[in-house]
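Numbering (the numbering used here), first residue to last: 254 to 485. Each remark here refers to the structure printed beneath this line.
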């Protein structure tokens, strides 16, 4: 039987595993994360009470579907969480889990590794209190922690507005969003973005609503969103 390796247990990796299983192939699913879901649908650590619906908003339903799909697949695949895939040579995948090295032979491989932060060095970027967007989301989604009470978001990624919206939903005050993408570049991309009209509209909604929300609303939400975490 053909042996397929999948690197990454985010939405794409889980979807690929689902298709393979439905066609009689049990893949090897390797993921650096301790739990499936990837960055976008990262699960809270065990025992943490986090309001996923408030955090993810319109994406909460997709979050639930993705994790339900993985729960259905988990016992039908060879799943390796907390495992780093660091090299490929001659149809062999080299991995590391903790201090244990291993190899996985494959006939085909699917790389579903997702995105990564591309950080440009600026003055002060190594100071305490400065986080990448990805790092800020890990703390929020997995550990239920805000990186601060008053936050400035700076960069050029579409994730800028999504992360700011999620932090506001969990109680942070978004002081400013410093978007370095020229307006002309946004306009030139608008046509292509219309291929996904619902997502495009959601992004416009984030952009329109974030500057108008103040700190008083954030303070009220902070108490309700994190009360459960203090009681765990």
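Where a beta carbon is used, it is the ideal one built from N, C-alpha and C, also for glycine.
- Beta-bridge pairing by DSSP links residue 333 to 283.
- Excluding the 5 residues flanking it on each side, residue 271 has same chain C-beta neighbours closer than 7 Å at 322 and 326, in chain order.
- Closest by C-alpha distance to residue 281, out of 360, 352, 313 and 351, is 360.
- By the criterion of at least three beta-carbon pairs nearer than 8 Å, the stretch 415 to 427 is not in contact with the stretch 441 to 452.
- Looking at the DSSP output, residue 350 bridges to 353.
- Beta-bridge partners of residue 315 (DSSP): none assigned.
- For residue 409, the closest alpha carbon among the candidates 292, 431 and 443 is that of 431.
- Residue pairing by DSSP places residue 406 opposite 430 in a beta bridge.
- Taking 9 Å as the cut-off, the beta carbon of residue 260 is found closer than this to the beta carbon of residue 283.
- Residue 403 and residue 363 have their C-alpha atoms roughly 40 Å apart.
- Around the beta-carbon of residue 399, 16 or more other beta-carbon atoms lie within 10 Å, marking it buried.
- Contact between the stretch 298 to 310 and the stretch 385 to 401 is present: 3 or more CB-CB pairs across the two stretches fall below 8 Å.
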